[in-house]
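A short write-up of the structure that comes next.
Residue numbers (this note's numbering): 170 to 260.
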């Protein structure tokens, strides 16, 4: 059976989630209002917020079980920070 969670896949997914929420924040700061962008933001934000939590847990478990690579460690730490800021923005 092929392994789906590898260092490379985990790092790419983590950075994709981080870049989405950075882009979302930049859209808010620069007040970019477009119908098509608003549609995609509404469709993607809640599932990607849940994906943040899931991939933080997967990343921590992966780092505990496997040898630590620097880029994977950086991506997991950055995702933890991004998740904290994203969820903390509600309170």
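Glycine included, every Cβ here is placed at the ideal spot set by N, Cα and C.
None of these values were measured; they are calculated from a predicted model.
Note on residue 220: 16 or more other CB atoms within 10 angstroms of its CB, so buried under the neighbour-count rule.
If you draw a straight line from the Cα of residue 197 to the Cα of residue 258, it comes to about 13 Å.
Restricted to the stretch 173-221, the alpha helix (DSSP H) segments that are unbroken, complete and at least 4 residues in length are 176-198, listed in chain order. When rounded, the separation of the alpha-carbon atoms in residue 172 and residue 183 is 17 Å.
By the CB criterion at 8 Å, residue 195 and residue 217 fall outside the cutoff.
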